[in-house]
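First up is the structure itself, then whatever we jot down about it.
Residue numbers (the working numbering): 2 to 358.
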């Protein structure tokens with residue numbers, strides 16, 4: 002089992018919230034750690050955003066609870082109605098993340114308060130929850146947030162390298178069907194993690210104009226690196242789907258497919274190495290496009306010659322998705338190369354550190 006910083010941050014936020022609530026002699030003390038658990042976020046920006054949402058959300062929950070309790074009482078059906086109203090209001094104002102704590106706040110207030118005590122009970126419950134929320138924010142400030150830029154790049158690099166490795170294997174008919182199937186599933190799950198890191202990196206605040214401009218270019222580059230990885234995955238899944246049928250193709254066509262995969266994956270690897278800084282020489286856009294286009298035309302002509310020879314519409318329809326995957330992958334790499342060259346024209350330092358910090 003891997004113990005990450007988030008686990009320790011959660012424990013520390015709970016400890017702080019309990020100590021503060023105990024010192025202030027507030028009850029029920031359990032609301033403070035609940036607030037901390039729900040409010041803990043992976044970045045300082047999100048933690049700050051969470052405070053704003055939780056303050057608004059819990060105020061809504063408390064106000065709805067007080068109004069309904071004073072007018073209708075605190076019967077179970079009224080508490081249920083209050084919960085529905087709280088959820089509707091939160092959805093209306095796009096405060097979905099604050100719904101759980103707001104519901105806790107509303108239910109606890111309605112269950113605990115009686116008669117003239119409702120105002121003091123509501124204030125106490127609201128204060129306890131906000132103690133937890135603020136404890137989570139303080140803990141986030143205490144811990145240096147992870148460098149999501151590096152995490153994003155290295156996760157993306159690792160995923161792309163795995164995809165390229167499988168593409169080369171399947172082109173040479175050296176892959177095991179079930180093993181590849183499981184690894185495709187693993188890579189697709191990893192894609193979700195990459196998306197999350199991209200969002201976290203995008204949300205990181207940059208205050209200097211020069212750095213903002215540089216970050217904007219990096220975000221565009223990352224987005225296109227992800228798009229290239231997606232197209233490589235589509236090609237891999239298509240090759241995996243047609244694995245048996247590919248072995249029945251003529252030798253010339255199989256060799257052409259293998260050459261095309263070798264060409265595209267080699268170019269993809271070169272672009273990644275330029276990003277890392279292992280290769281200083283950039284690939285001129287015209288030269289890159291010409292090399293990709295020549296191979297694209299060759300594989301397309303070989304496919305259509307085979308289709309024409311067989312004169313089988315069903316066969317043509319069957320293999321067109323594979324040809325389309327080749328074309329789309331090559332187009333994404335052309336676009337990525339333009340972005341690499343554009344970035345290097347404006348920024349002379351390394352795109353990213355090779356070692357993850």
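All C-beta atoms, glycine included, are put in the ideal place defined by N, C-alpha and C.
Note that the structure is a prediction, hence the values are computed from the model and not measured.
Short Cβ contact (8 Å threshold) for residue i with residue j
i: residue 262; j: residue 168; result: yes
i: residue 41; j: residue 72; result: no
i: residue 275; j: residue 221; result: no
i: residue 327; j: residue 254; result: no
i: residue 233; j: residue 164; result: yes
i: residue 337; j: residue 225; result: yes
i: residue 17; j: residue 139; result: yes
i: residue 52; j: residue 134; result: yes
i: residue 75; j: residue 118; result: no
i: residue 14; j: residue 136; result: yes
i: residue 365; j: residue 22; result: Here the chain comprises residues numbered 2 to 358, so residue 365 is not present and cannot be evaluated.
i: residue 96; j: residue 57; result: yes
i: residue 149; j: residue 223; result: no
Collapsed DSSP secondary structure at residue i in the structure displayed
i: residue 31; result: coil
i: residue 336; result: helix
i: residue 250; result: coil
i: residue 62; result: helix
i: residue 319; result: helix
i: residue 176; result: coil
i: residue 235; result: helix
i: residue 206; result: coil
i: residue 278; result: coil
i: residue 74; result: coil
i: residue 345; result: helix
i: residue 329; result: helix
i: residue 3; result: Reliability fails at residue 3, whose pLDDT of 49 lies under 50, so the model's placement of it is uncertain and no value is given.
i: residue 148; result: coil
i: residue 356; result: Reliability of the predicted coordinates at residue 356 is poor, the pLDDT of 49 falling under 50, and no value is obtained from them.
Which listed residue (the options) has its alpha carbon closest to that of residue i
i: residue 172; options: 90, 272, 74 and 252; result: 252
i: residue 201; options: 227, 164, 245 and 153; result: 153
i: residue 87; options: 55, 113 and 162; result: 55
i: residue 330; options: 299, 269, 122 and 315; result: 269
i: residue 29; options: 123, 315 and 84; result: 123
i: residue 189; options: 77, 159 and 249; result: 159
i: residue 192; options: 150, 218 and 156; result: 156
i: residue 83; options: 150, 131 and 63; result: 63
i: residue 27; options: 267, 325, 121 and 243; result: 121
i: residue 333; options: 129, 297 and 128; result: 297
i: residue 343; options: 219, 292 and 278; result: 219
i: residue 144; options: 294, 259, 8 and 306; result: 8
i: residue 243; options: 266, 324, 267 and 186; result: 324
i: residue 250; options: 61, 310 and 186; result: 310
i: residue 162; options: 231, 196, 141 and 125; result: 231
Start-to-end residues for the alpha helix (DSSP H) that takes in residue i
i: residue 10; result: 6-24
i: residue 312; result: From DSSP, residue 312 is part of no alpha helix (DSSP H); its letter is neither H nor E.
i: residue 126; result: 119-143
i: residue 99; result: Unbroken run through residue 99: none, as it is neither H nor E.
i: residue 93; result: 77-93
Proximity test, Cβ basis, 8 Å: residue i and chain D
i: residue 339; result: The chain labelled as chain D is not found in the depicted structure, where only one protein chain is given.
beta-carbon residue i near the ligand NAD non-hydrogen atom, thresh 7 Å
i: residue 24; result: Among the components modelled here there is no ligand, and therefore nothing to report on the ligand NAD.
Is it a yes or a no for the stretch 92-108 touching the stretch 29-46, going by three-plus beta-carbon pairs under 8 Å? Result yes; three or more Cβ-Cβ pairs closer than 8 Å.
Contact the stretch 41-48 vs the stretch 192-207: 3+ CB pairs below 8 Å: yes
Assess contact between the stretch 105-113 and the stretch 65-85, defined as three or more Cβ pairs (one per stretch) separated by less than 8 Å. Is contact present? yes
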